[in-house]
Each structure stands twice: as C-alpha cells, then as structure tokens.
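Colleague: The sequence shown begins at 36 in the numbering used here and counts up by one.
Dumping the structure here so I can ask a few things about it.
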Amino acid sequence: MASLKEIKGRIASVRSTLKITSAMKLVASAKLRKAQDALGNMMPYQMQLTGILSELMHTSEVGSSAYTADRPLRKAVLVVFSSNSSLCGGFNGNVIRKAQEVLAEWRAEGLKDKDIKVYSVGRRGADAMRKAGFPSPADYTAMSHTPDYEAAAALAEELTSGFLSGRIDRVELVYNHFKSASTQQVMREVYLPMNLASATLSGEAEVDYILEPDRQTLVGMLLPKASRLKIYTVLLDSAAAEHAARTVAMQTATDNGNTLLQELTLEYNKGRQQKITSEILDLEGGSLQ
Numbered sequence: 036m037a038s039l040k041e042i043k044g045r046i047a048s049v050r051s052t053l054k055i056t057s058a059m060k061l062v063a064s065a066k067l068r069k070a071q072d073a074l075g076n077m078m079p080y081q082m083q084l085t086g087i088l089s090e091l092m093h094t095s096e097v098g099s100s101a102y103t104a105d106r107p108l109r110k111a112v113l114v115v116f117s118s119n120s121s122l123c124g125g126f127n128g129n130v131i132r133k134a135q136e137v138l139a140e141w142r143a144e145g146l147k148d149k150d151i152k153v154y155s156v157g158r159r160g161a162d163a164m165r166k167a168g169f170p171s172p173a174d175y176t177a178m179s180h181t182p183d184y185e186a187a188a189a190l191a192e193e194l195t196s197g198f199l200s201g202r203i204d205r206v207e208l209v210y211n212h213f214k215s216a217s218t219q220q221v222m223r224e225v226y227l228p229m230n231l232a233s234a235t236l237s238g239e240a241e242v243d244y245i246l247e248p249d250r251q252t253l254v255g256m257l258l259p260k261a262s263r264l265k266i267y268t269v270l271l272d273s274a275a276a277e278h279a280a281r282t283v284a285m286q287t288a289t290d291n292g293n294t295l296l297q298e299l300t301l302e303y304n305k306g307r308q309q310k311i312t313s314e315i316l317d318l319e320g321g322s323l324q
C-alpha cells in the first residue's frame, strides 16, 4: 500500500493536471465556436455554387469539361488533412488509417509508390506519411493551424494545374468531417475529376437562369472558383472537427481526473484514519502498562 506522502503527492499531481485539461477544454471550446461560424458561413455558399454548376453543365451547350474528364488511373495524388498537435482523441489516428487504406487500394490497382504523391496538411499527418515513404512536397502546417483562403487557393491551383496538364489522373481528399460537437466522420472524396452529378440546388430542383455572358463562359469561370472553394471548405471542416475532438478529449480527461481525485482522496482519508487509530491504540496500550 502506498504511503500517505505518496498519495498526497499523487493528489497534487492530479489537481495540477486537471487545471491544464480544464483550461485546454475552454480554449478548444472557444476555437470550436469560431470554426463552426466560419464553416457555417462557407458551406452553404460552396454547396450552392456547386449546385449552380451542376445545373449549368447539364446541357448540350456546355458538354464536358477538362475538370470533369475521367481518365485511366496512372498518376494519383492524395491530400490528407490532419492537425499540428495531439490531445484530440482519435482525430489524427482515424484520418491516417484511412489514408493508408487509400494507398493500399491504389497499390492493389497497380500503382507504384513513384506514381503516388501525398500532400499532407497538418504536422501529424505529414509525419505519418513521411514514415510511410510519402513525404509532402511542401510544408502545409500553417494551413492546418490557421485556415486561410489564399493558401487553400494556392494548393487548389497546384492540384488543378497538374490535373489539367495530364500529370495527375486523380486527386482524392481524406479528412475529418464535422457532424456535431461529439461526432467527427472520416471522409474520402474524389476532388478531381470533379463530379457534379450529385450536386443539387437548395430549394427548387430546376431554375431558369438569365445568363450573362453565355453559359460556356460562365462555366469556365466558375469551375476554377468551385475547385478553390472546395479545398478551403474542407480545410474549415477539418479545423472544426479538430477543435470538437479536442474539446471532447479534454472533457473526458477532466472527468477521469475528477474520478481519480475522488478515489485518491478517499484512499488518503482511510489511510490517515487508520494511522490515527493505530496511534490511539498505541497510547492506550502504553498507559495500561
């Protein structure tokens, strides 16, 4: 059995840890609210724009586009969105496992490692992918820490440029989707070629647009914009999921710490009472002699 001094030291250590976890939970909660607001403002706009593009392209006047061209898979790119820090539960582990599953699937389809490139947004994912033999072409840790449209647009431009030039045949995204404050879902999406078939407008199914300039020109202008917004929206989505996961993780750690503190306090009180009782018995025994 541990001595009273050891138990008292453990109690002090748990209390100190509880202060840290409680503070981290409050910080994560504040960041989550901001991330939710940013995502809530961006998501409807991005979905509506994709829906408009889908409506515009479903006509013989436009036909197919280089952004939607499906080619045999010879060169592939995977973009993995993770966090820069830990203490967020299974947030990073889940997305890394999904990325490894995608890589294994591509290898099974006949792709060699030299035909695959992985862009890692976030330090945790970058470290895991580098150990797997897929170092990121550039450092995107700043994007994960502070989501920025200009940085996301630059990444989107690099990916679309490679796809349109034929150097890349497919680009897929792996990230955590923010469903609620307690639930994050790992998503795997094909970014390029763009699939607009499933995109629908909110509200009425069909809209009769008055277009200026012509439909073909508008589609050519909106497709690059939609590709940039998609990367930025995924970046915001991943950030919101990270803060939600960290909030839950710190709340769980705080609850476990409080439970442990109660158990240690009870053990300390029992030990102290036993010591006092033993001393009283010693005094009584001495007085009888």
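Built from N, CA and C at the ideal position, the CB exists for glycine as well.
What is the C-beta distance between Tyr226 and Leu264, in whole angstroms, given that I count them as a contact (C-beta under 8 angstroms)?
Modeller: Wrong, their Cβ atoms sit about 12 angstroms apart, outside the cutoff.
Colleague: Nearest by alpha-carbon distance to Thr289: which of Ala65, Met59 and Gly44 is it?
Modeller: Selected option, being the one with the closest Cα: Met59.
Colleague: Skipping 5 residues on each side, what residues in its chain have a beta carbon closer than 6 angstroms to that of Leu67?
Modeller: Closer than 6 angstroms at Cβ, skipping near neighbours: His278, Ala279 and Thr282.
Colleague: Go ahead and label Met256 buried or exposed: buried means 16 or more other beta carbons lie within 10 angstroms of its beta carbon, across all protein chains shown.
Modeller: When all chains shown are included, Met256 counts as exposed.
Colleague: What does the Cβ neighbour count give for Ser262, buried or exposed, with the cut at 16 atoms within 10 Å?
Modeller: Flag for Ser262 reads buried.
Colleague: Which partner residues of Ala111 appear in the DSSP bridge assignment?
Modeller: In the DSSP output, where bridge partners are listed per residue, Ala111 has Ile151 and Arg205.
Colleague: Quick one: grab the DSSP three-state call for Tyr184.
Modeller: Three-state result, Tyr184: helix.
Colleague: Tell me which same chain residues have a C-beta within less than 6 angstroms of the C-beta of Leu296, skipping the five on either side of it?
Modeller: Cβ neighbours of Leu296 beyond the five flanking positions: Val49.
Colleague: Does DSSP put Glu224 in a helix, in a strand, or in coil?
Modeller: Looking at Glu224 - three-state DSSP - the assignment turns out to be strand.
Colleague: Provide the residue span of the alpha helix (DSSP H) that contains Leu74, from first to last.
Modeller: Leu39 to Met92 is the span of the alpha helix (DSSP H), which, as asked, contains Leu74.
Colleague: Touching or not, the region 118–137 and the region 79–86, by the rule of three or more beta carbon pairs under 8 angstroms?
Modeller: Short answer: they don't touch.
Colleague: Would you mind stating whether Met229 and Tyr210 have Cβ atoms separated by less than 8 angstroms?
Modeller: Their beta carbons are not under 8 angstroms apart, which means Met229 does not touch Tyr210 by this criterion.
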